[in-house]
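Residue numbers (this note's numbering), protein chains in the order written: chain Y, 91 to 332; chain Z, 82 to 180.
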């Protein structure tokens, strides 16, 4: 276990409550999506119990939207599960990308942390954590718990209140999520100080995503974009150092 | 169905963290992964900004893209995630009111 709290004033210590605090800027973005998800799930005919279950054990915005749509359309179970596998497979890359920060832990800890991984928690973690910080696991746990509870509450609130709220209210809030991703992108690039490489990766990734996304499917677009973006980054760095 | 969906989502999330717990990846893999965050955010942003139901939204008519600019500026100036989110929301409301 960790040493006593006398050492917790060290600058590089990242604890549970810091994790909770660092989650706050992202809560608004996920509150609005979770809310929308709750509304759609209720409209598709899912019960409150099912909605609660989904937001607890599935915990993935895009997948939940898709599931609601497919359930409403009467799709077979196999199709729904297969589509969701495809939609969420990008978490494999996200998980691999943060794995170096969470090494040499008891396996159960990594299982616990991994189960809570989302685009958002990934983003905040990759921006905030550096290899030399201590207590990263507690921080991540704080982040995860906050994000997840927020999500569950948002889903249920959406399911309950959704039909009464006029649409215009959502317009501004909807933008909380993209704003969050812009913030995360800028912070990442600022922290890495490799603006030229990063810009090329970002542009390449965006272009591939749009190209594949409109031609084939949005999900394939994202995955291909990540893979090609990563390769672009590697190629540019190699070219610059040769 | 819900359990199935949860399982196929849970596995990709957990497996890498578990498998890579004590294994150190080769340098090239680490370098590849170091670019993943930027690539991910850019892709998700592009998808959100530039497409609507699977079709491209032209740049000139794109109010989301417009609203994004102030948010990005705030991000660069303040390096604050919270500030960026608030700026983005306010910006979007302003853009929606004008167009």
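A virtual CB, placed ideally from N, CA and C, is assigned to each residue, including glycine.
Inter-residue Cα distance where the pair is residue i and residue j
i: residue 228/Y; j: residue 106/Y; result: 5 Å
i: residue 205/Y; j: residue 162/Y; result: 27 Å
i: residue 419/Y; j: residue 330/Y; result: In the structure as shown, chain Y starts at 91 and stops at 332, and residue 419/Y therefore has no counterpart that could be examined.
i: residue 148/Z; j: residue 276/Y; result: 16 Å
i: residue 221/Y; j: residue 195/Y; result: 14 Å
i: residue 189/Y; j: residue 168/Y; result: 31 Å
i: residue 291/Y; j: residue 327/Y; result: 11 Å
i: residue 131/Y; j: residue 141/Y; result: 7 Å
i: residue 89/Z; j: residue 313/Y; result: 16 Å
i: residue 165/Y; j: residue 86/Z; result: 14 Å
i: residue 225/Y; j: residue 133/Y; result: 42 Å
i: residue 286/Y; j: residue 123/Z; result: 14 Å
i: residue 113/Z; j: residue 117/Y; result: 29 Å
i: residue 143/Z; j: residue 168/Z; result: 18 Å
i: residue 295/Y; j: residue 127/Z; result: 9 Å
i: residue 210/Y; j: residue 91/Z; result: 16 Å
i: residue 82/Z; j: residue 267/Y; result: 28 Å
i: residue 380/Y; j: residue 214/Y; result: With chain Y running from 91 to 332 in the structure shown, residue 380/Y is simply not present.
i: residue 171/Y; j: residue 158/Y; result: 12 Å
i: residue 173/Z; j: residue 151/Y; result: 22 Å
i: residue 84/Y; j: residue 193/Y; result: No statement about residue 84/Y is possible, as the shown extent of chain Y runs from 91 to 332 and does not include it.
i: residue 315/Y; j: residue 180/Y; result: 11 Å
i: residue 301/Y; j: residue 145/Z; result: 19 Å
i: residue 279/Y; j: residue 288/Y; result: 7 Å
i: residue 282/Y; j: residue 151/Z; result: 22 Å
i: residue 284/Y; j: residue 323/Y; result: 10 Å
i: residue 197/Y; j: residue 306/Y; result: 38 Å
i: residue 137/Y; j: residue 200/Y; result: 32 Å
i: residue 108/Y; j: residue 124/Y; result: 23 Å
i: residue 216/Y; j: residue 311/Y; result: 22 Å
i: residue 42/Y; j: residue 303/Y; result: Chain Y is shown only over 91 to 332; residue 42/Y falls outside these bounds and no answer can be derived.
i: residue 125/Z; j: residue 126/Y; result: 18 Å
i: residue 317/Y; j: residue 104/Y; result: 31 Å
i: residue 231/Y; j: residue 153/Y; result: 23 Å
i: residue 166/Z; j: residue 250/Y; result: 26 Å
i: residue 202/Y; j: residue 110/Z; result: 24 Å
i: residue 240/Y; j: residue 298/Y; result: 32 Å
i: residue 218/Y; j: residue 161/Z; result: 12 Å
i: residue 159/Z; j: residue 178/Z; result: 26 Å
i: residue 130/Z; j: residue 242/Y; result: 26 Å
i: residue 177/Y; j: residue 93/Z; result: 11 Å
i: residue 96/Z; j: residue 144/Y; result: 21 Å
Within chain Y, partners of residue i - CB distance below 7 Å
i: residue 128/Z; result: 299, 303, 308, 311 and 312
i: residue 149/Z; result: 268 and 272
Contacts that residue i makes with chain Z (C-beta to C-beta distance below 9 Å)
i: residue 323/Y; result: 112, 113, 115, 116, 117, 119 and 120
i: residue 331/Y; result: What residue 331/Y touches in chain Z: nothing, since even the nearest Cβ is about 11 Å away.
i: residue 162/Y; result: Within 9 Å Cβ-Cβ: nothing; residue 162/Y doesn't reach chain Z, min ~13 Å.
i: residue 286/Y; result: The premise fails here: residue 286/Y is roughly 12 Å from chain Z at the closest Cβ pair, so nothing lies under 9 Å.
Neighbour list for residue i in chain Z, Cβ cutoff strictly below 7 Å
i: residue 183/Y; result: 117
i: residue 171/Y; result: 82, 85, 86 and 89
i: residue 175/Y; result: 89
i: residue 186/Y; result: 97, 101 and 114
i: residue 144/Y; result: 83
i: residue 316/Y; result: 117, 120, 121 and 124
Residue i: contacting residues in chain Z (beta-carbon distance under 8 Å)
i: residue 49/Y; result: Outside the shown range of chain Y (91 to 332) lies residue 49/Y, about which nothing can therefore be said.
i: residue 291/Y; result: 116, 119, 120 and 123
i: residue 153/Y; result: 86 and 90
i: residue 150/Y; result: 90
i: residue 320/Y; result: 113, 114, 116, 117 and 120
i: residue 158/Y; result: What residue 158/Y touches in chain Z: nothing, since even the nearest Cβ is about 11 Å away.
Can we say the region 97-108 of chain Z touches the region 153-172 of chain Z, given the rule of at least three CB pairs closer than 8 Å? No, the region 97-108 of chain Z does not touch the region 153-172 of chain Z.
Going along the region 262-284 of chain Y in order, which residues come within less than 7 Å of chain Z, judged by CB to CB distance? Per Cβ criterion, the list reads 262, 263, 265, 266, 268, 269, 270, 271, 272, 273, 274, 275, 276, 277, 278, 279 and 280.
Report the residues of the region 190-205 of chain Y with a CB closer than 8 Å to any CB of chain Z, ordered along the chain. Per Cβ criterion, the list reads 190, 192, 193, 194, 195, 197, 200, 201, 203, 204 and 205.
Just by C-beta distance, which residues in the region 100-133 of chain Y are closer than 8 Å to chain Z? So the list reads 114, 115, 116, 118 and 119, given in the order they occur along the chain.
So if I threshold CB-CB distances at 9 Å, which residues from the region 103-123 of chain Z count as touching chain A? Checking the listed chains, one finds no chain A in this structure; the protein chains it contains are Y and Z.
Does the contact criterion of 3 or more C-beta pairs under 8 Å hold for the region 266-280 of chain Y versus the region 115-129 of chain Z? Verdict: yes, contact present.
Counting pairs of Cβ atoms below 8 Å between the region 109-118 of chain Y and the region 236-251 of chain Y, do you hit three or more? Result yes; three or more Cβ-Cβ pairs closer than 8 Å.
Contact set between the region 205-222 of chain Y and chain Z, restricted to residues whose Cβ is under 9 Å from the partner: So the list reads 205, 206, 207, 208, 209, 212, 213, 214, 216 and 217, given in the order they occur along the chain.
Can you list, in chain order, the residues of the region 224-257 of chain Y whose Cβ is nearer than 8 Å to any Cβ on chain Z? The residues in question: there are none.
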